[in-house]
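Asks: Sequence lines, in order, name chains A and B. So the number in the working numbering is just where the residue sits in the first sequence, counting from 1, plus 549. So the number in the working numbering is just where the residue sits in the second sequence, counting from 1, plus 549.
There are 2 protein chains.
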Amino acid sequence: MAENYSSGSCAGILYVVGTGPGSLEYVTPAARGAIEKSDVIVGYKTYLELIEPLLENKSVISSAMMQEVDRVKKAFEITESGKNVSLISGGDPGIYAMAGLAFDIAKKLNLQTRIEIIAGIAALNSCAERLGAPLMHDFATISLSDLLTPWKVIEKRLEAAASADFVMVIYNPKSKKRNWQLDTAVKIIRRYRQDHTPVGIVRASTRADETINITTIDRFDSALVDMQSTVIFGNSKSYIWKNKMVTPRGYLDKYDL
Amino acid sequence: MAENYSSGSCAGILYVVGTGPGSLEYVTPAARGAIEKSDVIVGYKTYLELIEPLLENKSVISSAMMQEVDRVKKAFEITESGKNVSLISGGDPGIYAMAGLAFDIAKKLNLQTRIEIIAGIAALNSCAERLGAPLMHDFATISLSDLLTPWKVIEKRLEAAASADFVMVIYNPKSKKRNWQLDTAVKIIRRYRQDHTPVGIVRASTRADETINITTIDRFDSALVDMQSTVIFGNSKSYIWKNKMVTPRGYLDKYDL
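Below you can see the structure in the form of structure tokens.
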């Protein structure tokens, strides 16, 4: 919530607000505060529905299909009229979400609007919680979406992360149109990991229709994964215990109980 | 907050609770709820002081110097007596923090205690917020602490992440005793990154004594970094604009404004 830059004399503030994985239990007071201070709330329909109780008496611009770029431009247009706007991002706006695009567009259009980012519980934090403790050691976060990133770059990162034994968090593993990338990623990872490497899949984390699957990489079935899923591949030390996925940091190798 | 496993008939629950970077504005309702449901609160002194207003009427076991292993064992001992315990972790307990150790110890001692993890805003989420939007694209999170991990493993991960153009989030960059690792890491990263690569340093994020520094890798001064700092190195596309650090995802390469 640090201030960004001085706004034009009568322009409003653009808050880019992370509302977490879905449940209101994970919306921070900082996020609620930004929404309260806003006149207009702009966001993708699914995310706005999840926080409906927070939107009473607010002017809401919900977009089902509008592209991200249009949504951010719309938000800036409204701040120019002197109103404060919350641009809602599920998860954390700072992780593969709307925060960067707000700065990109402000820079390109040379806007003086004050921009405040409000961090949220990201998919990676939430999925780790649901799975147990898979992110206790170094991890790499990779999006499999090749809409904006060439597949060659993604492949290079998969290879690098797998070979250096990073735990791997996979964002955007699949969509209706992108259906082969995840299986290709698993093939790459399996070149470096043993058959019993734990894999966790969390779908619709913290929401009513949440599903959690923990398995091993040799039994991994990409049919369990959809657009709403995040997938975590363990490192060489990760283990499964009582249906939890854990990556030890190494304390018990060093200290006696 | 998913249930872990059935507890012994009269044992309490162990909540491993993330309280975020420091400010109460980032403590989720889920974390507050777990603390409310607990009879005893166990934690490191510094973290407990930050959430003091939440600890009224609670039995508090604050440890200045106690090792992590002892703290977790103590928490389990109390749950065995039938009390609910919140084991407090600054940031997110699931990222280089207490969640994994709780499972490690429960497994080793064959405890049946129910363990619930409550995710929090981690240092990486918070630092990204303070810096602008550095984590818009694939990133690798690496701890420079070689107390539990051989330096060779850390070095290999630095090399892999730098060479595959990951944004890099550095945890535990420095302590009083570990004073050379960060400069060595920078040398490795510079083999793959240009002089003008943005670097962000956030110290004591969201706390009263917070400091934020944004610079480029050729001007990076590790003297600005201490135990309370997290450092983020940009990728080849990251930029600095109006004292914010941003990694573009690529929208504006593809879409016109």
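We put the CB at the ideal spot given by N, CA and C, even for glycine. In this text the structure is predicted, and so the values were computed from the model without any measurement.
Report the rounded CA-to-CA distance for Thr765 of chain B versus Gly799 of chain B, giving the unit in angstroms.
Replies: 21 angstroms
Asks: Per DSSP, what kind of secondary structure is Trp700 of chain B in: helix, strand or coil?
Replies: DSSP, reduced to helix, strand and coil, places Trp700 of chain B within a helical segment of the structure shown.
Asks: Return the CA-CA distance between Gly783 of chain A and Glu626 of chain B, expressed in angstroms with no decimal places.
Replies: 30 angstroms
Asks: If you count every other CB in all the chains shown that lies within 10 Å of the CB of Glu601 of chain A, and 16 or more means buried, which is it?
Replies: exposed
Asks: Cβ of Asn553 of chain A less than 9 angstroms from any chain B Cβ?
Replies: With a pLDDT of only 42 at Asn553 of chain A, under 50, the local geometry of the prediction cannot be trusted, and the value read off the model is given with reservation. Among the residues facing chain B, Asn553 of chain A is included, as its CB has a counterpart in that chain under 9 angstroms away.
Asks: Pick helix, strand or coil for Glu708 of chain A, following the three-state DSSP scheme.
Replies: helix
Asks: If I measure Cβ to Cβ from Glu759 of chain B and keep anything under 7 angstroms in the same chain, skipping five residues before and after, which residues do I get?
Replies: Arg752, Ala753
Asks: What number of angstroms, rounded off, separates the C-alpha of Asn606 of chain B from the C-alpha of Leu693 of chain B?
Replies: 39 angstroms
Asks: Strictly below 7 angstroms CB to CB, what residues from chain B border Pro747 of chain A?
Replies: Those do not exist, as Pro747 of chain A stays about 12 angstroms from chain B at its closest Cβ, beyond 7 angstroms.
Asks: Could you tell me the distance, in whole angstroms, from the CA atom of Asp622 of chain B to the CA atom of Thr662 of chain B?
Replies: A small correction: the amino acid at residue 622 of chain B is Lys; Asp does not occupy that position in the sequence shown. Each residue's alpha carbon lies about 12 angstroms from the other.
Asks: Of all Cβ atoms in chain A, is any one closer than 9 angstroms to the Cβ of Ala579 of chain B?
Replies: yes
Asks: Against chain B, with Cβ distances strictly below 9 angstroms, would Trp729 of chain A count as a contact?
Replies: Cβ-Cβ to chain B under 9 angstroms: no for Trp729 of chain A.
Asks: Answer with yes or no whether the minimum CB distance from Trp700 of chain A to chain B is below 9 angstroms.
Replies: no
Asks: Between which residues of its own chain and Ile789 of chain A is the CB-CB distance below 7 angstroms, once the five residues before and five after are set aside?
Replies: Pro747, Ile763
Asks: Tell whether a beta-carbon distance below 9 angstroms holds between Pro797 of chain B and His686 of chain B.
Replies: yes
Asks: According to DSSP, which residues form a beta bridge with Arg663 of chain A?
Replies: A:Ile562
Asks: So with Cβ pairs under 9 angstroms, would you call Met776 of chain A a contact of chain B?
Replies: no
Asks: Please confirm whether Met550 of chain A has its beta-carbon closer than 9 angstroms to some beta-carbon of chain B.
Replies: Here Met550 of chain A scores only 37 on pLDDT, less than 50, and its place in the model is too uncertain to base an answer on.
Asks: Tell me the rounded alpha-carbon separation between Tyr564 of chain A and Leu673 of chain A.
Replies: 22 angstroms
Asks: So, helix, strand or coil for Pro503 of chain A, using DSSP?
Replies: Outside the modelled stretch of chain A, which goes from 550 to 806, sits residue 503 of chain A, for which no answer is possible.
Asks: Using the DSSP secondary-structure output, state which residues sit across from Ser771 of chain B in a beta bridge.
Replies: When DSSP reads this structure, Ser771 of chain B sits in no beta bridge, so it has no partner.
Asks: Tell me the rounded alpha-carbon separation between Ala581 of chain A and Tyr575 of chain A.
Replies: Looking at the sequence provided, one finds Arg at residue 581 of chain A rather than Ala. The straight-line gap from Cα to Cα measures roughly 11 angstroms.
Asks: Can you pull the DSSP bridge partners for Lys793 of chain A?
Replies: A:Trp790
Asks: In chain A, which residues lie less than 8 angstroms from Glu574 of chain B when you measure between Cβ atoms?
Replies: Residues of chain A passing the Cβ test: Met550, Thr577, Pro578, Ala579, Gly582.
Asks: Measuring CB to CB, does Ser635 of chain B end up less than 9 angstroms from Val589 of chain B?
Replies: yes
Asks: Return the chain-ordered list of same chain residues with a C-beta closer than 6 angstroms to the C-beta of Gly569 of chain B, the five sequence neighbours on each side being excluded.
Replies: Tyr575, Val576, Gly669, Ile670
Asks: Strictly below 8 angstroms CB to CB, what residues from chain A border Arg837 of chain B?
Replies: Outside the shown range of chain B, which is 550 to 806, sits residue 837 of chain B, and nothing can be said about it.
Asks: Where do the N-terminal and C-terminal ends of the beta strand (DSSP E) with Thr760 of chain A fall, by residue?
Replies: 760 to 765
Asks: Name, in chain order, the residues that DSSP records as bridge partners for Met685 of chain A.
Replies: The partner list for Met685 of chain A (beta bridge, DSSP) is empty, contrary to what the question assumes.
Asks: Anything in chain A within Cβ reach of Phe782 of chain B, meaning under 8 angstroms, just list it in chain order.
Replies: Under the 8 angstroms cutoff, chain A gives no residues; its nearest Cβ is about 14 angstroms from Phe782 of chain B.
Asks: Using the Cα positions of Leu697 of chain B and Ala651 of chain B, report the straight-line distance between them to the nearest angstrom.
Replies: Each residue's Cα considered, the two are about 17 angstroms apart.
Asks: Span of the alpha helix (DSSP H) holding Leu603 of chain B?
Replies: First-last for Leu603 of chain B: undefined, no H or E at that position.
Asks: List, from N- to C-terminal side, the alpha helix (DSSP H) runs of 4 residues or more that fit wholly inside the region 629 to 660 of chain A.
Replies: Entirely contained in the region 629 to 660 of chain A, the alpha helix (DSSP H) runs reaching 4 residues are, in chain order, 647 to 657.
Asks: Which residue comes first and which comes last in the alpha helix (DSSP H) that contains Tyr800 of chain B?
Replies: Taken as a continuous stretch (DSSP letters only), the alpha helix (DSSP H) holding Tyr800 of chain B covers 800 to 803.
Asks: I need the boundaries of the alpha helix (DSSP H) containing Gly592 of chain A, first residue and last residue.
Replies: That residue, Gly592 of chain A, is in no alpha helix (DSSP H); its beta strand (DSSP E) goes 589 to 593.
Asks: At a CB-CB cut-off below 8 angstroms, which residues of chain B make contact with Arg706 of chain A?
Replies: Asp687, Ala713, Asp714, Phe715
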